[in-house]
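So the structure is just underneath, and the comments pick up after that.
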Amino acid sequence: MSTSSTAELPPRVAGHPEVVGRRAPELRLFRSELRLVLRRRRNIALVGVLCCFPILIGIAVRVSAPSNGDGPPFLSQVTDNGLFLVFTSLTVLLPFFLPLAVAVASGEAIAGEANIGTLRNLLVVPVSRTRLLLVKYAGSVVFAMLCTFAVAVVGVLVGLALFPHGAVTLLSGTTVSYGDALWRGLFVALYVTLMLAGVCAIGLFISTLTEVPIGAMAATAVLAIVSEIADSIPQISGIHPYLFSHPWFNFGDLLRSPISWHGLQMGLLTQLAYLAVFLPLAWARLQTKDITC
Numbered sequence: 090m091s092t093s094s095t096a097e098l099p100p101r102v103a104g105h106p107e108v109v110g111r112r113a114p115e116l117r118l119f120r121s122e123l124r125l126v127l128r129r130r131r132n133i134a135l136v137g138v139l140c141c142f143p144i145l146i147g148i149a150v151r152v153s154a155p156s157n158g159d160g161p162p163f164l165s166q167v168t169d170n171g172l173f174l175v176f177t178s179l180t181v182l183l184p185f186f187l188p189l190a191v192a193v194a195s196g197e198a199i200a201g202e203a204n205i206g207t208l209r210n211l212l213v214v215p216v217s218r219t220r221l222l223l224v225k226y227a228g229s230v231v232f233a234m235l236c237t238f239a240v241a242v243v244g245v246l247v248g249l250a251l252f253p254h255g256a257v258t259l260l261s262g263t264t265v266s267y268g269d270a271l272w273r274g275l276f277v278a279l280y281v282t283l284m285l286a287g288v289c290a291i292g293l294f295i296s297t298l299t300e301v302p303i304g305a306m307a308a309t310a311v312l313a314i315v316s317e318i319a320d321s322i323p324q325i326s327g328i329h330p331y332l333f334s335h336p337w338f339n340f341g342d343l344l345r346s347p348i349s350w351h352g353l354q355m356g357l358l359t360q361l362a363y364l365a366v367f368l369p370l371a372w373a374r375l376q377t378k379d380i381t382c
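Heads up: the sequence shown at position 185 corresponds to 274 in the numbering used here, and the numbers run straight through without jumps.
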């Protein structure tokens, strides 16, 4: 029997060079997308502007401490513990500025490539349109995470520099250690990122509809603002649970002891529902999109 018989060849495993070679185009595409998103000057500027808010809020509170009930939620607690500066900053930024930053990244994902004529070149590599769409979506979510965690980190540092830090009194009145509260702040930032993932899906779908990135960015931002406005109108409270912005501020439940999971679960389910609608719509549009340049 010949020793070169194919029956005697060793089976292929996940780390086999041929398997890795087949995966390489997707990995290179994802790394390239991350470099594109994270090195774009406009995106860097957006992150820088967002990071200015915790600094400005911290200085304003330090100079003139607010009374109870004045300003956004958590603001009056900042003077007691600087960690609340993180929650105040996210509360201020979440209705408009964070969705706007995410709208810029997701709205440009496909429309920007089509506008400058590189979308066709991307599809020349052995990566399907489905994988391209998923890579673009992942890049937008990573940028949303960067924005959120950058604000949180700056908030922690400014809070430590300007305000007392130590044991933290939660919204339920329970006192926990600073380390425990810091972990809760990490999960708050993660929850906010997951809420913005719904905006990423909507922006990506709109980005497949046009070759004008500014239009896709504006439309995504406008939809986020409209959702916020609709959520504040009591006369249409019946549709509030179905708005993608409705559960955004449920992260306050993480600052209770015990943690109230119902609102958090509803927030995640809401975003999953929007992902289940808009990602397939984006996929269907990209599959039929005529790319001529």
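Note that CB positions come from ideal geometry on N, CA and C, so glycine has one too. Since this is a predicted model, take the numbers as computed values, not measurements.
Among the options, which residue has its Cα nearest to the Cα of residue i?
i: S334; options: G147, L183, V366; result: L183
i: C140; options: D169, I325, T168, F186; result: F186
i: F142; options: G356, L246, S217; result: L246
i: R151; options: P162, D169, P161; result: D169
i: T177; options: F338, A256, L358; result: F338
i: E197; options: R131, S153, I144; result: R131
i: L221; options: L312, S349, R117; result: R117
i: M355; options: M284, F252, S165; result: M284
i: A134; options: S153, S165, L189; result: L189
i: G274; options: G341, P330, L312; result: G341
Within the same chain, show all residues whose beta-carbon is closer than 8 Å to that of residue i, passing over the 5 residues directly before and after it, in chain order.
i: G286; result: For clarity, residue 286 is Ala in the given sequence; the question names Gly instead. So the qualifying residues of the chain are V230, A233, Q360, L364.
i: C289; result: V191, A194, S195, Y226, S229, V230, A233
i: L123; result: G228, V231
i: R128; result: none
i: V126; result: N132, A194, G228, S229, V231, F232
Does the distance from the CB of residue i to the CB of residue j come in under 7 Å?
i: I328; j: T309; result: no
i: S266; j: S346; result: no
i: T237; j: T282; result: yes
i: S316; j: L332; result: yes
i: A371; j: F294; result: yes
i: T297; j: L375; result: yes
i: V277; j: L343; result: yes
i: A241; j: V175; result: yes
i: A305; j: A200; result: yes
i: V224; j: F367; result: no
i: G147; j: L251; result: yes
Along the chain, where does the alpha helix (DSSP H) containing residue i start, and where does it finish?
i: D269; result: 267 to 298
i: Q324; result: Q324 -> no alpha helix (DSSP H), and no H or E assigned at all.
i: F367; result: 350 to 377
i: P330; result: Run containing P330: none; DSSP gives neither H nor E here.
i: T237; result: 218 to 251
i: F142; result: 130 to 152
Spatial neighbours of residue i within its chain, please: CB distance less than 6 Å, with the 5 preceding and 5 following residues excluded, ordered by chain position.
i: T258; result: T264
i: L249; result: G171
i: P323; result: none
Hey, which unbroken runs of the alpha helix (DSSP H) at 4 residues or more fall wholly within the segment 177 to 208?
The segment 177 to 208 contains these whole alpha helix (DSSP H) runs: 186 to 205.
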